[in-house]
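Reviewing the structure listed below.
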Amino acid sequence: MANANMNCWPVIVIGGSSDQNQETTGAFQEFPQVEACRLYSKFSARSSSLDMISSVVEKVYSLL
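Take 56 as the starting number for the sequence shown in this note's numbering and just add one per residue.
Structure below.
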């Protein structure tokens, strides 16, 4: 992501994580991905549900 950012290349990154109800429990993949990606991106978000994924992806494409 940092390389793409420095070269102004458009990249869409979609990551997986643990459930939100498992936050602060040491769950697998409990890493602040959204916050870490925010340093190198125009937009960084976490979908609160499966139904919201399409609207988040739509927002991303509107920024390209």
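Even glycine gets a Cβ: it sits at the ideal position worked out from N, Cα and C.
- Between the C-alpha atoms of Glu85 and Ile108 there is a straight-line separation of about 19 Å.
- Counting along the chain, the unbroken alpha helix (DSSP H) around Tyr116 starts and ends at Ile108 to Leu118.
- Residues of the same chain with a CB within less than 7 Å of the CB of Tyr95, apart from the 5 flanking positions on each side, are Met56, Ala57 and Asn60 in chain order.
- In this structure, Phe98 sits away from Val112, with a CB-CB distance that is not shorter than 8 Å.
- Per the coordinates, the alpha-carbon of Gly71 lies some 11 Å from the alpha-carbon of Val89.
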